[in-house]
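Numbering (UniProt numbering), first residue to last: 1 to 431.
Glycine is no exception: its CB is placed at the ideal position from the N, C-alpha and C atoms.
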């Protein structure tokens, strides 16, 4: 009763047909389509019923193949469409099967005999299914009726599945859409999905917090005054906006972020980036939320105290250069004086004016501090890099990666083990 039915098995069944064939499913693959086309040379195509869900999404999922539909149309077989159809029915003469259609995006179109996906129907169930499927299939069921009473009952039974012809414009639209954005190779998609449950690439970016890294350019007129020995580390051509050890430094935030990176997102090397185990993603995001709370507190403190820190930096510049200005007043300074002998207040006032031109106000510096994470899924190109598995083992030594990698290789080998054409999307072959 339970059987395994893939495209190769369907093609074999169809090849032995003597009277009629009915195929209804979301889509159809090349092998059964070619078997139906060959059958149409032996039987009247009117005796071949094909109903699909003719939609590009069906083909992107791998339920069917556009080139296979073109084969049917080229053989003179009428193909009708029932939107949303997801059940599979194959009837060859009086033998019928209800089957689960295979989405090649999820698994290869090759099934082991011990992995059933179909249920064999009795002759009575076959006729009942044909009767309700379509007018053409119902006509075949009438011809298969064994008694006048059964024939009459079938004729009175209403068709339950609505189907429509596929106009040339619809076929052309789907063809163009798939040409503009071709489906991925299904064996490649399956290989990628092996690692998708395990890993994600992640990038963490902290912006707006590192005020201590801001430097100010000392005005040229002040630079030319020279700098006394012992202060060269800060008083150079640039000046640290705030002291790196100030309470307004973001070092404690950056250290906490580094801990999160090191604990949850080890690097696989410069060619790979940082990865996160999806199993730890909830805890990872919890730690980020905790850090964001600290970041908000830090931003509030910066907003409250930054202007005072900037004023202190300006006063430090002024106090540092006052003796130098008084000892050797520059002409730019003298040109602003009403008396020939500058005072300490004159020097401070002039230096304050010069430094204020380069020291911004606190409101100009305070931007929104943000911690953002960006996730990216693994790709086939990344997985195929020679050092990928070894990098994973080094980054997460407690995880058994061999099992996943063996599945990855097996998913790629499924295509080459199948029929000609492999298990790839075949769209570009259409004229």
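When you compare each of the options to residue i by their alpha carbons, which one comes out closest?
{"i": "residue 345", "options": "130, 1 and 318", "result": "318"}
{"i": "residue 211", "options": "119, 253 and 268", "result": "253"}
{"i": "residue 184", "options": "337, 60 and 166", "result": "60"}
{"i": "residue 251", "options": "298, 220 and 216", "result": "298"}
{"i": "residue 46", "options": "73, 408 and 2", "result": "73"}
{"i": "residue 126", "options": "114, 90 and 156", "result": "90"}
{"i": "residue 280", "options": "294, 293 and 264", "result": "264"}
{"i": "residue 284", "options": "176, 300 and 266", "result": "266"}
{"i": "residue 213", "options": "245, 13 and 196", "result": "245"}
{"i": "residue 128", "options": "155, 48, 2 and 295", "result": "155"}
{"i": "residue 177", "options": "55, 261, 41 and 157", "result": "55"}
{"i": "residue 225", "options": "32, 3 and 320", "result": "320"}
{"i": "residue 105", "options": "95, 76, 62 and 387", "result": "62"}
{"i": "residue 38", "options": "11, 27 and 26", "result": "11"}
{"i": "residue 334", "options": "402, 308, 221 and 400", "result": "221"}
{"i": "residue 43", "options": "2, 28 and 76", "result": "76"}
{"i": "residue 343", "options": "2, 322 and 25", "result": "322"}
{"i": "residue 373", "options": "157, 206 and 353", "result": "206"}
{"i": "residue 356", "options": "369, 397, 367 and 312", "result": "312"}
What are the start and end residues of the alpha helix (DSSP H) that includes residue i?
{"i": "residue 260", "result": "251-264"}
{"i": "residue 67", "result": "66-74"}
{"i": "residue 192", "result": "186-195"}
{"i": "residue 383", "result": "380-383"}
{"i": "residue 179", "result": "168-180"}
{"i": "residue 7", "result": "7-15"}
{"i": "residue 32", "result": "30-39"}
{"i": "residue 388", "result": "388-395"}
{"i": "residue 365", "result": "362-365"}
The beta strand (DSSP E) with residue i in it runs from where to where?
{"i": "residue 46", "result": "First-last for residue 46: undefined, no H or E at that position."}
{"i": "residue 375", "result": "370-376"}
{"i": "residue 201", "result": "199-207"}
{"i": "residue 338", "result": "No beta strand (DSSP E) holds residue 338; DSSP gives it neither H nor E."}
{"i": "residue 319", "result": "Taken as a continuous stretch (DSSP letters only), residue 319 belongs to no beta strand (DSSP E), being part of the alpha helix (DSSP H) at 281-327."}
{"i": "residue 24", "result": "21-24"}
{"i": "residue 60", "result": "No beta strand (DSSP E) holds residue 60; the alpha helix (DSSP H) holding it covers 56-61."}
{"i": "residue 214", "result": "No beta strand (DSSP E) holds residue 214; DSSP gives it neither H nor E."}
{"i": "residue 80", "result": "79-81"}
{"i": "residue 277", "result": "275-277"}
Residue i and residue j look like a contact to me (Cβ under 8 Å); what is the Cβ gap, rounded to whole Å?
{"i": "residue 53", "j": "residue 82", "result": "6 Å"}
{"i": "residue 198", "j": "residue 278", "result": "6 Å"}
{"i": "residue 133", "j": "residue 92", "result": "About 15 Å separates the two Cβ atoms, so there is no contact after all."}
{"i": "residue 359", "j": "residue 314", "result": "5 Å"}
{"i": "residue 306", "j": "residue 365", "result": "7 Å"}
{"i": "residue 35", "j": "residue 15", "result": "5 Å"}
{"i": "residue 50", "j": "residue 23", "result": "5 Å"}
{"i": "residue 135", "j": "residue 159", "result": "6 Å"}
{"i": "residue 302", "j": "residue 248", "result": "5 Å"}
{"i": "residue 487", "j": "residue 110", "result": "Here the chain has residues from 1 to 431 only, and residue 487 is not among them."}
{"i": "residue 377", "j": "residue 107", "result": "Actually they do not touch by this definition, with Cβ atoms about 19 Å apart."}
{"i": "residue 28", "j": "residue 40", "result": "Their Cβ separation, rounded to whole angstroms, is 14 Å, which puts residue 28 and residue 40 out of contact at 8 Å."}
{"i": "residue 310", "j": "residue 362", "result": "6 Å"}
{"i": "residue 124", "j": "residue 4", "result": "The Cβ separation is near 24 Å, so there is no contact."}
I want to check one thing, is the minimum distance from the CB of residue i to the heavy atoms of the ligand MN below 7 Å?
{"i": "residue 354", "result": "Of the ligands one can find in the structure shown there are none, so the ligand MN has no counterpart to examine."}
Check whether the stretch 202-211 and the stretch 271-282 touch, using three or more Cβ-Cβ pairs below 8 Å as the test. The stretch 202-211, when compared against the stretch 271-282, does touch it at the 8 Å Cβ threshold.
Would you check if there are 3 or more beta carbon pairs closer than 8 Å linking the stretch 66-84 to the stretch 100-109? Verdict: no, contact absent.
Should the stretch 133-149 be called in touch with the stretch 12-32, which here means at least 3 C-beta pairs below 8 Å? Yes, since at least three Cβ pairs between the stretch 133-149 and the stretch 12-32 fall closer than 8 Å, the two stretches touch.
Should the stretch 112-120 be called in touch with the stretch 148-168, which here means at least 3 C-beta pairs below 8 Å? Of all C-beta pairs linking the stretch 112-120 to the stretch 148-168, fewer than three are shorter than 8 Å, placing the two stretches out of contact.
So within the stretch 83-162, which uninterrupted beta strand (DSSP E) runs reach at least 3 residues, ignoring any that extend past its ends? List check, beta strand (DSSP E) in window: 88-92, 95-99 and 118-121.
Tell me whether the stretch 262-271 and the stretch 376-392 touch, counting them as touching only if at least three CB pairs, one residue from each stretch, are closer than 8 Å. They touch, by the three-pair rule.
Counting Cβ pairs, one atom from each stretch, are 3 or more of them under 8 Å apart for the stretch 162-176 and the stretch 332-352? No contact exists between the stretch 162-176 and the stretch 332-352.
Inter-stretch contact at 8 Å, needing at least 3 Cβ pairs: the stretch 278-294 / the stretch 213-220: No, they do not touch.
Given 8 Å, three or more beta-carbon pairs between the stretch 314-330 and the stretch 180-194: The answer is no - the stretch 180-194 does not touch the stretch 314-330, with fewer than three Cβ pairs under 8 Å.
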